[in-house]
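Below is one structure; the comments refer to it alone.
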Amino acid sequence: MAIDPPFDDSQTESALRRVRSGETAAFETVVRGYERPLRAWLAAHAPPGVDVDEIAQRSFLAAFTRLDEYQPGTEFAAWLFTIARFQLRTETTRLRRIADYHARYGPDLLQRELDRRSDETPEMWTMRLESLQMCLDSLGDSLRRFVTWRYDEEIPLEEMAARCDRSVPAVKKQLWKVRQKLQSCIETRMATAKGGSS
Amino acid sequence: MNPEDRFAQLWTDYLEGELDDQSLAELRELLAADESRVTLAADLFQTHRLLGLVVEEEPSRQDDFVRETMAKLPSDPDDFVGRVMSKVRKTKPADADLRGAGGVDDKSHRPYRPPVAAVGLWVAAAVLLLAAVSFYLLPGGPNEIEIGSTGKPSTGNASVGGEVRLASSARATFFGELSPPVGTVLVPQREYVLMTGMVEVAFPAGASAILEGPAVFRVTSGESLALDVGRCSVHAPDGAEGFRVDTPASRVVDRGTRFAVSVSETSVTEVHVTEGAADVYENADPAAAETNTQTRLVGGEAKAFSTARGINVDAVPFDAGVYRDGLPDRVVSYEASEADGGGAELLRSVTIQRGGRVMKIAVSDLIPARLTWFRATEPRAFLCGSQELPVPSTDVVFDRSLVTGVINPDGSEQPLTSDPIMEGDSGTPGMAFRFDRPIFNGPGADVVFFDLQTFGNPIDGDAFHVSPLVFREGLHSHTIRHYDLTMESPETQVLANFYVHLFAQPADSVTQLQTLGAVQQRQAMRFRGLAVGIDLSDLGYAPGESVDGLFLQDALDDKHMVDPVFIAGLPELK
Numbered sequence: 001m002a003i004d005p006p007f008d009d010s011q012t013e014s015a016l017r018r019v020r021s022g023e024t025a026a027f028e029t030v031v032r033g034y035e036r037p038l039r040a041w042l043a044a045h046a047p048p049g050v051d052v053d054e055i056a057q058r059s060f061l062a063a064f065t066r067l068d069e070y071q072p073g074t075e076f077a078a079w080l081f082t083i084a085r086f087q088l089r090t091e092t093t094r095l096r097r098i099a100d101y102h103a104r105y106g107p108d109l110l111q112r113e114l115d116r117r118s119d120e121t122p123e124m125w126t127m128r129l130e131s132l133q134m135c136l137d138s139l140g141d142s143l144r145r146f147v148t149w150r151y152d153e154e155i156p157l158e159e160m161a162a163r164c165d166r167s168v169p170a171v172k173k174q175l176w177k178v179r180q181k182l183q184s185c186i187e188t189r190m191a192t193a194k195g196g197s198s
Numbered sequence: 199m200n201p202e203d204r205f206a207q208l209w210t211d212y213l214e215g216e217l218d219d220q221s222l223a224e225l226r227e228l229l230a231a232d233e234s235r236v237t238l239a240a241d242l243f244q245t246h247r248l249l250g251l252v253v254e255e256e257p258s259r260q261d262d263f264v265r266e267t268m269a270k271l272p273s274d275p276d277d278f279v280g281r282v283m284s285k286v287r288k289t290k291p292a293d294a295d296l297r298g299a300g301g302v303d304d305k306s307h308r309p310y311r312p313p314v315a316a317v318g319l320w321v322a323a324a325v326l327l328l329a330a331v332s333f334y335l336l337p338g339g340p341n342e343i344e345i346g347s348t349g350k351p352s353t354g355n356a357s358v359g360g361e362v363r364l365a366s367s368a369r370a371t372f373f374g375e376l377s378p379p380v381g382t383v384l385v386p387q388r389e390y391v392l393m394t395g396m397v398e399v400a401f402p403a404g405a406s407a408i409l410e411g412p413a414v415f416r417v418t419s420g421e422s423l424a425l426d427v428g429r430c431s432v433h434a435p436d437g438a439e440g441f442r443v444d445t446p447a448s449r450v451v452d453r454g455t456r457f458a459v460s461v462s463e464t465s466v467t468e469v470h471v472t473e474g475a476a477d478v479y480e481n482a483d484p485a486a487a488e489t490n491t492q493t494r495l496v497g498g499e500a501k502a503f504s505t506a507r508g509i510n511v512d513a514v515p516f517d518a519g520v521y522r523d524g525l526p527d528r529v530v531s532y533e534a535s536e537a538d539g540g541g542a543e544l545l546r547s548v549t550i551q552r553g554g555r556v557m558k559i560a561v562s563d564l565i566p567a568r569l570t571w572f573r574a575t576e577p578r579a580f581l582c583g584s585q586e587l588p589v590p591s592t593d594v595v596f597d598r599s600l601v602t603g604v605i606n607p608d609g610s611e612q613p614l615t616s617d618p619i620m621e622g623d624s625g626t627p628g629m630a631f632r633f634d635r636p637i638f639n640g641p642g643a644d645v646v647f648f649d650l651q652t653f654g655n656p657i658d659g660d661a662f663h664v665s666p667l668v669f670r671e672g673l674h675s676h677t678i679r680h681y682d683l684t685m686e687s688p689e690t691q692v693l694a695n696f697y698v699h700l701f702a703q704p705a706d707s708v709t710q711l712q713t714l715g716a717v718q719q720r721q722a723m724r725f726r727g728l729a730v731g732i733d734l735s736d737l738g739y740a741p742g743e744s745v746d747g748l749f750l751q752d753a754l755d756d757k758h759m760v761d762p763v764f765i766a767g768l769p770e771l772k
């Protein structure tokens with residue numbers, strides 16, 4: 001087991017060949033191999049109000065139904081992410097058609113900035129996700145608990161305030177601080193990684 | 199408050215969903231005034247979204263995503279209409295016969311095909327109906343009916359609440375989809391294509407049907423099954439009389455009995471009645487269906503029905519072996535604790551069917567084993583577990599952890615035919631273990647064996663030979679190539695992360711395993727815990743005979759090697 005290489009292109013191509021020959025179940029190998037980078041990329045580029053998993057699933061389904069358009073041997077990841085980009089654009093357009101979308105969801109400047117970043121490679125977003133995991137591990141317990149409460153337990157700000165005996169504005173400040181600290185940590189790790197690989 | 203503090207406040211409120219329209223306008227102005235704020239906002243937004251993702255990175259959630267995605271793959275152009283119609287039918291009373299509801303021709307039992315011109319209307323009507331009823335029936339989304347709650351291992355009727363459920367399965371593989379977990383509510387009228395293995399389907403009135411792959415079947419009502427091809431064994435106890443199996447050539451109606459139905463690819467139907475009676479009707483003649491008994495078969499009788507050049511009924515020799523009264527003995531499932539970072543870690547119990555009885559055995563009741571011999575001929579990773587291993591490290595294979603073990607033992611393409619040599623330079627490649635106390639050969643499995651596996655490794659598990667430590671006449675090696683719980687089994691669990699310990703030279707003894715230097719490497723991929731039961735009868739041991747230990751070798755049939763992470767004897771069956 002441990003002697004095997006991690007998921008690679010040859011495994012993808014092999015699975016895709018099996019899917020083309022009618023073995024639908026082989027598509028699971030593809031979904032399993034790419035769900036993490038695809039969801040990470042979508043999470044980082046989807047505007048508020050978009051269900052990332054829904055778009056990720058739609059992208060896999062589109063890839064499955066249009067598999068005859070994929071040229072074996074070319075880069076499947078690039079093809080899949082192109083599909084995902086179109087799926088995301090379609091969803092964003094749909095949201096924009098909703099009359100009060102901007103009023104409810106957000107600054108168009110944010111959307112423009114996210115669009116500008118959408119050409120960054122999927123690998124980079126997998127790296128960012130891994131960096132974030134490591135940064136979380138290095139976060140002190142006092143700040144880490146805010147992450148747990150906010151993102152894992154999803155408890156209301158009022159309850160968070162009660163738990164740590166602070167005001168709601170103070171909790172918001174802590175969340176701002178946590179995000180900034182993690183963002184800074186990610187940037188440092190990414191810069192180190194780039195330096196190490198060059 | 200200075201602009202930067204105000205921006206921090208507004209942006210946090212925005213991410214928390216607490217921004218009102220007036221504040222949103224203020225935030226827009228602040229962003230427009232300074233481009234660096236847009237960059238910072240986007241950075242924090244992305245970190246915020248990734249945080250939402252990273253806390254979800256539990257194996258079970260990832261599995262849910264993959265399973266849901268696979269469940270959405272289109273399997274048939276008519277699938278959508280079929281699914282819609284099957285859900286619409288859910289509005290009928292639970293015990294109502296679905297056959298007349300428009301999905302299946304009552305007499306021919308072939309899928310209903312509306313005229314081409316009517317298809318559009320059908321789809322539109324179906325969508326409207328689905329939209330109306332799903333509001334009430336489908337709070338959890340379109341998969342909720344199909345994928346029910348993960349059931350517990352079946353010891354009997356797993357069908358409750360008027361639904362037809364998958365009661366148990368053994369090495370079942372379905373075409374184009376993963377095997378549904380035990381307990382899943384089977385979708386009425388949906389075509390299930392069982393490629394290999396067996397499943398038991400439980401009906402609400404108490405009838406059960408065991409289907410053997412390859413088979414194509416549909417649940418047509420709460421008391422009927424359509425079998426297009428393959429074999430099924432039906433048990434309809436008191437209260438379930440009238441249960442029927444429809445095949446392309448006939449309708450078999452239970453009259454309080456046990457019977458088996460086999461349908462060939464040419465639609466010839468063979469019925470073997472083991473106990474009680476069954477009435478068989480001519481299915482090709484709608485007028486005759488169930489108006490007159492065409493053929494009544496009683497216990498010990500068998501007949502074949504075909505539609506070639508009219509209806510033919512031929513007597514065939516009764517074969518009691520055609521009827522199957524249960525699934526084969528096997529490891530059914532297991533329970534384990536969850537590690538801090540997610541994934542199964544410490545084994546808690548194993549549920550096994552032995553001699554037809556399903557039993558859950560606590561890990562503390564299993565009979566421990568010890569590694570007594572190890573020899574490899576090439577350097578590899580020989581140990582796995584945490585970064586720091588216990589002392590002695592070789593105990594790991596028999597502790598309760600499913601992510602610690604003595605892995606990648608050497609082996610032989612040809613299984614042993616004589617005693618393994620367990621000393622010196624000419625020692626037999628492989629590993630030996632002895633049980634803390636003798637185990638006894640009972641019905642079904644006597645030893646339980648767990649293996650690490652990931653995608654890219656053989657789906658059915660790594661093949662291995664198991665041999666007696668001391669041969670005598672009648673004893674032989676046994677090769678296991680197909681585990682009870684494989685990569686495709688819903689009961690197979692995703693394991694916790696672990697390290698492998700890479701050795702720079704081959705370890706040719708237990709002592710060397712404990713003393714040679716090794717480099718630790720954290721596994722990046724998720725592994726699963728496969729399991730199989732080893733039956734001592736398969737090695738030639740007599741019923742009730744005791745065994746002290748066994749020898750294990752990889753089958754060397756491919757580049758993948760077996761990775762034992764837990765081996766133990768099962769307690770004697772009382």
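In the order they appear, the protein sequences are chains U and P.
This note's numbering puts the first residue of the first sequence at 1, with every later residue one more than the last.
This note's numbering puts the first residue of the second sequence at 199, with every later residue one more than the last.
Just so it is clear, CB atoms sit at the ideal spot from N, CA and C, and this is done for glycine as well.
Leu768 (chain P) has its alpha-carbon roughly 11 Å from the corresponding atom of Val529 (chain P). Here Leu423 (chain P) is near Val417 (chain P), since their CB atoms are less than 8 Å apart.
The continuous beta strand (DSSP E) containing Tyr697 (chain P) extends over residues Tyr697 to Phe701. It is roughly 29 Å from the alpha-carbon of Phe653 (chain P) to the alpha-carbon of Leu88 (chain U).
In the same chain as Ser707 (chain P), and ignoring 5 residues on each side of it, no C-beta atom comes closer than 6 Å to its own.
Ranked by Cα distance from Phe27 (chain U), the options P:Glu375, P:Val451 and P:Asp232 are led by P:Glu375. Under the three-state reduction of DSSP output, His758 (chain P) falls in the coil class, being neither helix nor strand. Only those residues of the segment 37 to 51 of chain U whose C-beta falls short of 7 Å from the nearest C-beta of chain P are listed: Arg39, Ala40, Ala43 and Ala44. Counting along the chain, Arg66 (chain U) sits inside no alpha helix (DSSP H), nor does DSSP assign it H or E at all.
Val30 (chain U) places its beta carbon 8 Å or farther from that of Met268 (chain P). In the three-state scheme derived from DSSP, where H, G and I count as helix and E and B as strand, His674 (chain P) is classed as coil. The beta carbon of Ala63 (chain U) does not come within 8 Å of any beta carbon belonging to chain P, so the residue lies off that interface. Counting of Cβ neighbours within 10 angstroms places Glu158 (chain U) among the exposed residues, the total staying below 16.
Ranking U:Glu13, U:Ala84, U:Cys164 and U:Leu109 by CA distance to the CA of Asp232 (chain P) puts U:Leu109 first. When rounded, the separation of the alpha-carbon atoms in Pro704 (chain P) and Leu569 (chain P) is 17 Å.
At a cut-off of 8 Å between C-beta atoms, Arg128 (chain U) counts as an interface residue with respect to chain P.
The beta carbon of Leu229 (chain P) sits closer than 6 Å to those of Arg235 and Val236, all from its chain and outside the five residues before and after it, given in chain order.
Between the beta-carbon of Gln712 (chain P) and that of Val698 (chain P) there is about 16 Å, and that puts the pair past the 8 Å contact cut. Cα atoms of Val760 (chain P) and Arg679 (chain P): separation of roughly 11 Å, rounded to the nearest angstrom.
Here Gly609 (chain P) is buried: its Cβ has 16 or more other Cβ atoms, across all protein chains shown, within 10 Å. Only those residues of the segment 219 to 234 of chain P whose C-beta falls short of 7 Å from the nearest C-beta of chain U are listed: Asp219, Leu225, Arg226, Leu229 and Ala230. Annotated as distal: Thr690 (chain P) and Arg724 (chain P), with beta-carbon spacing of 8 Å or more. Distance from Phe401 (chain P) to Gly420 (chain P) at the Cβ level is roughly 6 Å; contact confirmed, criterion being Cβ atoms closer than 8 Å. The three-state secondary structure of Thr575 (chain P), taken from DSSP, is coil.
Listed along chain U is no residue with a C-beta nearer than 8 Å to that of Glu439 (chain P); the closest approach is about 38 Å. Around the Cβ of Arg456 (chain P), a 10 Å sphere holds 16 or more other Cβ atoms; the residue is buried. Secondary structure of Gln718 (chain P) (DSSP, three-state): strand.
Taking 8 Å as the CB threshold, Ala542 (chain P) stays off the interface with chain U. Taking all protein chains shown into account, Glu410 (chain P) has 16 or more neighbouring C-beta atoms within 10 Å of its C-beta and is therefore buried. Straight across, the Cα-Cα distance linking Glu621 (chain P) with Ala630 (chain P) is about 12 Å.
Exclusion of the five residues before and after Gly497 (chain P) leaves Thr455, Val471, Thr472, Glu473, Gly474 and Ala475 as the residues of its chain whose Cβ lies within less than 8 Å of its Cβ. Listed in chain order, the non-local C-beta contacts of Glu224 (chain P) below 7 Å within the same chain comprise Leu208, local neighbours out to five positions each way being set aside.
In this chain, the beta strand (DSSP E) harbouring Glu499 (chain P) covers Glu499 to Ser504.
Residue-level contact by beta carbon holds for Gly250 (chain P) and chain U, with a gap shorter than 8 Å. Glu233 (chain P): member of the alpha helix (DSSP H) spanning Glu233 to Val252, first to last residue.
In the three-state scheme derived from DSSP, where H, G and I count as helix and E and B as strand, Thr713 (chain P) is classed as helix.
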